[in-house]
Amino acid sequence: MKTLLISPSYYPQANASYFPLGLACISAYIKTQGHSVVGLNLNHMPTEERACAIKNTLDSHNIDVIGISGLTVAFNEIDRLMQEIRRINPQIPIVLGGGITSVEGELMMNTLRPDFAVVGEGEFIFSRLLATLEKGEDASKIAGIWCWEGALPKYTGDGESPKDLDELPLPDLDSFGIRDHIQLQGEHGQYSYHLTRLDVGRSFPISASRSCPFKCTFCHHAGMGTYKKRDIVRVVDQIEDYIKIYGINGFSIYDELFSANKARVVEFCRLLKERNIHIKWFCQLRMDQLDLPMLQMMRDTGCNYISFGIESGSDVVLDSMKKKITKKIISDAVKIVREAKIGIQGNFLFGDPVETEETIRESLQFQDDNELYFCDWSAVIPYAGTPIYNFSVEKGLIQDREIFMRSLCNISGYLYSSQVNMTQMSDDNYKYWYIYLRELNDQNHRKRCATIISGKIISRWMSEITVACPCCGCHQNMTFRFPFEQDKNGPILKGPVGIQGMNILCPECAEKMHLKAKDIPHMKVVYTEFQNEIDSIMRNNDKAIFMPSLDRFAATFLEDINIDESLVEDVYDTREFRRGRKFLGKMTKIIDQENVNDLNNKVLVVLPWIEYENVINLLGDSDVKPSKILCWNNLFL
1 MKTLLISPSY YPQANASYFP LGLACISAYI KTQGHSVVGL NLNHMPTEER
51 ACAIKNTLDS HNIDVIGISG LTVAFNEIDR LMQEIRRINP QIPIVLGGGI
101 TSVEGELMMN TLRPDFAVVG EGEFIFSRLL ATLEKGEDAS KIAGIWCWEG
151 ALPKYTGDGE SPKDLDELPL PDLDSFGIRD HIQLQGEHGQ YSYHLTRLDV
201 GRSFPISASR SCPFKCTFCH HAGMGTYKKR DIVRVVDQIE DYIKIYGING
251 FSIYDELFSA NKARVVEFCR LLKERNIHIK WFCQLRMDQL DLPMLQMMRD
301 TGCNYISFGI ESGSDVVLDS MKKKITKKII SDAVKIVREA KIGIQGNFLF
351 GDPVETEETI RESLQFQDDN ELYFCDWSAV IPYAGTPIYN FSVEKGLIQD
401 REIFMRSLCN ISGYLYSSQV NMTQMSDDNY KYWYIYLREL NDQNHRKRCA
451 TIISGKIISR WMSEITVACP CCGCHQNMTF RFPFEQDKNG PILKGPVGIQ
501 GMNILCPECA EKMHLKAKDI PHMKVVYTEF QNEIDSIMRN NDKAIFMPSL
551 DRFAATFLED INIDESLVED VYDTREFRRG RKFLGKMTKI IDQENVNDLN
601 NKVLVVLPWI EYENVINLLG DSDVKPSKIL CWNNLFL
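Going by the UniProt record's numbering, the first residue of the sequence shown is number 1, and it counts up by one from there.
Here it is in structure tokens:
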């Protein structure tokens, strides 16, 4: 059968944020069973081109079956994709797979209403489903799927998973645009707010194992079965081939856990060295499976960055999460990883059911003691399938599971408006701590800022800059666009644009440093223009209405832009939880249709804000005539 496999995107712009390695594995296997595949990776095009790409693909290929794979956070996007497909051709069967089908299967069937859903590792199950559909036989006899029995969804029981990963073919990377994925990363570096690396520009994904043998309460190895490993020799063979075929200079091991023991990592490094393979690489490991000799081998073979699950600096919380590590193990690991000159990626998670103000303060002290300034704070999210999701449902904290799953598709909206509070703290206190910790992330980054050596503007949104590492003095020269979210028209103005700086990994000592947005030459022009406008209002002895009541970026933005509180007449916001919060010396008011006319003929200053367009439109619809509107986001038009 001719099968169209679609990978949805989680971002509006063309991106290389991830590669659909799971779909590539499915594609490779079903090809060996005689089926043909058309791959469509929607990551490689902007939002406005995706519907057209689907239509063109369906018009130009005689597709028999469509497969879509994604996690639960793709719930809404998959819903939109299915509606678009059915608008074009309602007759083609749609099969869902991936993490979205492995939890809340009945809910998924009743809401998204695919024709079928594959549960678990899909190679064997999906292949059997295709063969059955091709023969016109009854699909309900296949184990491992959701199907329909009349008007009701039916699960056919657990299906067969591959027992030996080495018996499977290598993933079909080309069908999903691996060359586009590599090209989108850029030639000389990977630039992002979270981490910029100038030593890796053309990286590819590789899998050396599936799932994870550990059972942390916030994690669900959706659809990945039991932990199983590929032969490490075959993994290195694959890397050698990809270097020759694709001309890459780095790779990321996509595994949830590269190895549960040190011997496997040592063997991997030994093979890289024996074969004289010089390439940068990245993986995820546990902090209780490290020693200095192993880390030095990793560094010598090109690994200068590892992701670890830190989560907390409180043993009470770590025990509740079933992490099977202690804060002493974490602290000892941090020391030897730094000694080996390998970078550390890790998060602190806030909001476990046993979290208290005391455990938060304990974690904050632990973060400071270990100088983990670039290990950011995030909220524990009860994703479907996890023990804490079940806890939240049982306690009535999640009352409508569909609404909850859809809310996770807009993660920033969820985190600020509908977070599930699993702790014993009040909801107000919980939200206070969350906002404080998010703002603390940005302040912590500034504890280790890059030293600016020189810089010049290349074009309106591009600069060249040379920075020195504050830890070892190593110089790096960078030429890049900023803000990073841009299309052919310039910056994408969908959020608080241009205020979040970037974190840079030093290639020498592997410590992170922070580059403030204000220190980027072309961005300095924007900051200067905005400051001049603020100063002009002050010189005219005017007062201004400010909005919104900043939370996360308040401390860092007001460090870079000076706003005298004597200039502030009032502060407004659209978010109810900001009502009555103090900002710029004033108590925040809520702007709505009833009080918008109070702003008539006022001077308005609109700070970096994801909802700035809504407020500008509200003013326009109400015929309010401000004497002047100074809008931060408009400086990027």
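Just so you know, even glycine gets a beta-carbon here, dropped at the ideal spot from N, CA and C.
Because the structure is a prediction, the values reported are computed rather than measured.
Cα-Cα separation between residue i and residue j, rounded to whole angstroms
i, j, result
"VAL334", "LYS456", "37 angstroms"
"ASP621", "TYR527", "30 angstroms"
"TYR373", "PHE557", "18 angstroms"
"GLU137", "PRO8", "30 angstroms"
"LYS215", "LYS322", "7 angstroms"
"GLN238", "SER417", "45 angstroms"
"MET109", "PRO153", "6 angstroms"
"ILE26", "GLY247", "25 angstroms"
"ASP573", "MET405", "27 angstroms"
"LEU635", "THR47", "24 angstroms"
"LEU415", "ARG446", "24 angstroms"
"SER175", "VAL37", "8 angstroms"
"GLU565", "LYS589", "16 angstroms"
"LYS31", "LYS341", "43 angstroms"
"residue 638", "SER412", "This structure cannot speak to residue 638, because the chain is shown only from 1 to 637."
"LYS135", "VAL65", "13 angstroms"
"LEU195", "ARG50", "28 angstroms"
"ASN421", "GLY580", "22 angstroms"
"SER17", "ASN541", "48 angstroms"
"SER320", "LYS228", "26 angstroms"
"MET523", "HIS278", "36 angstroms"
"ILE88", "ALA53", "12 angstroms"
"LEU40", "PHE282", "26 angstroms"
"SER307", "SER211", "16 angstroms"
"THR72", "PRO387", "16 angstroms"
"GLN367", "ALA468", "24 angstroms"
Reference residue i, options the options, closest by Cα
i, options, result
"ASN410", "ILE381, MET425, THR196", "ILE381"
"LYS543", "GLU533, GLU362, VAL624", "GLU533"
"GLY201", "PHE636, MET523, GLY186", "GLY186"
"THR3", "LEU133, GLN83, LYS328", "LEU133"
"ILE458", "GLU371, SER69, VAL525, PRO162", "VAL525"
"VAL568", "ARG552, ASP551, MET587, ARG579", "MET587"
"PHE204", "ASP172, TYR227, LYS229, LEU195", "ASP172"
"LEU349", "ARG275, LEU318, ASN540, ILE68", "LEU318"
"THR479", "LEU198, ASP535, GLY159", "LEU198"
"GLN476", "ARG460, PRO496, ARG401, CYS506", "CYS506"
"LYS628", "LEU637, SER536, ASN562", "SER536"
"GLY120", "GLU106, SER127, GLY98", "GLY98"
"ARG578", "ASP551, ILE243, TRP632, PHE530", "ASP551"
"GLY70", "MET45, TYR29, ALA117", "ALA117"
"LEU96", "GLU84, ARG87, ILE88, PHE75", "PHE75"
"GLY346", "ASP352, ILE330, GLU355, GLU339", "ILE330"
"ASN304", "LYS280, LEU290, ASN370, PRO293", "LYS280"
"ILE124", "VAL316, GLY159, ALA139", "One point to set straight first is that residue 124 is Phe, not Ile, in the sequence displayed. Here the closest residue by C-alpha is GLY159."
"MET513", "GLY473, LYS163, GLU485", "GLY473"
"ILE180", "SER392, PHE19, ASP487", "In the sequence as presented, Ile is not what sits at residue 180; that position holds Asp. Here the closest residue by C-alpha is PHE19."
"ALA555", "GLN443, ALA517, MET462, GLU485", "GLN443"
"ASP487", "TRP461, ALA510, ALA468, ILE336", "TRP461"
Supposed close pair residue i, residue j - CB separation, criterion 8 angstroms
i, j, result
"PRO548", "LEU607", "6 angstroms"
"ILE520", "ILE465", "6 angstroms"
"LYS273", "ASP300", "7 angstroms"
"ASN489", "GLN531", "Actually they do not touch by this definition, with Cβ atoms about 26 angstroms apart."
"residue 650", "LEU21", "The chain is shown from 1 up to 637; residue 650 falls before or after that span and cannot be answered."
"VAL605", "PRO626", "Going by Cβ atoms, the distance from VAL605 to PRO626 rounds to 10 angstroms, so no, they are not a contact pair."
_With three or more C-beta pairs closer than 8 angstroms as the rule, is the segment 595 to 603 touching the segment 615 to 632?_
Judged by Cβ distances under 8 angstroms, the segment 615 to 632 makes contact with the segment 595 to 603, as three or more pairs qualify.
*Spell out a yes or no on whether the segment 143 to 150 and the segment 9 to 25 are touching, meaning 3 or more CB-CB pairs, one atom from each, closer than 8 angstroms.*
Too few Cβ pairs lie closer than 8 angstroms, so no.
*Would you list, in sequence order, the uninterrupted alpha helix (DSSP H) runs of no fewer than 4 residues that lie entirely inside the segment 234 to 300?*
With a minimum length of 4 residues, the continuous alpha helix (DSSP H) runs that stay inside the segment 234 to 300 are 262 to 274, 292 to 300.
*Can you list the beta strand (DSSP E) stretches of 3 or more residues lying completely in the segment 502 to 534, in chain order?*
Given a length threshold of 3 residues, each whole run of the beta strand (DSSP E) inside the segment 502 to 534 is given here in chain order: 502 to 505, 512 to 515.
*Is there contact here, the segment 497 to 508 with the segment 354 to 365, by at least three beta-carbon pairs under 8 angstroms?*
Segments in contact, no.
*Identify every run of the beta strand (DSSP E) within the segment 318 to 363, keeping only runs that are complete inside it and at least 3 residues long; order them along the chain.*
Complete beta strand (DSSP E) runs here, min 3: 343 to 345, 347 to 350.
*Pick out the complete alpha helix (DSSP H) segments inside the segment 8 to 90, 4 residues or longer, and give them in chain order.*
Taking only runs of at least 4 residues, the alpha helix (DSSP H) segments lying wholly in the segment 8 to 90 are 21 to 32, 47 to 60, 75 to 88.
*Runs of beta strand (DSSP E) lying entirely within the segment 91 to 170, each at least 3 residues, in chain order*: DSSP runs (the beta strand (DSSP E)) wholly in the segment 91 to 170: 94 to 97, 116 to 118, 145 to 149, 152 to 155.
*asked:* I'd like to know if the segment 279 to 292 and the segment 249 to 267 are in contact, where contact means that at least 3 CB-CB pairs between them fall below 8 angstroms.
replied: Contact check between the segment 279 to 292 and the segment 249 to 267: three or more CB pairs, one atom from each, fall below 8 angstroms, which counts as touching.
*Every unbroken beta strand (DSSP E) inside the segment 395 to 463 [3 residues or more]*: Those beta strand (DSSP E) runs which fall completely within the segment 395 to 463 and span 3+ residues are 451 to 459.
*Whole beta strand (DSSP E) elements within the segment 534 to 590, 3-residue minimum*: Runs of the beta strand (DSSP E) inside the segment 534 to 590: 544 to 547, 568 to 573.
*Determine, using beta-carbon pairs with one atom in the segment 386 to 400 and one in the segment 51 to 58, whether at least three such pairs fall under 8 angstroms.*
The segment 386 to 400 makes no contact with the segment 51 to 58, as fewer than three CB pairs between them are under 8 angstroms.
_If we require 4 or more residues per run, which alpha helix (DSSP H) segments fall completely within the segment 175 to 210?_
Taken in chain order, the complete alpha helix (DSSP H) segments of 4 residues or longer contained in the segment 175 to 210 are 178 to 184.
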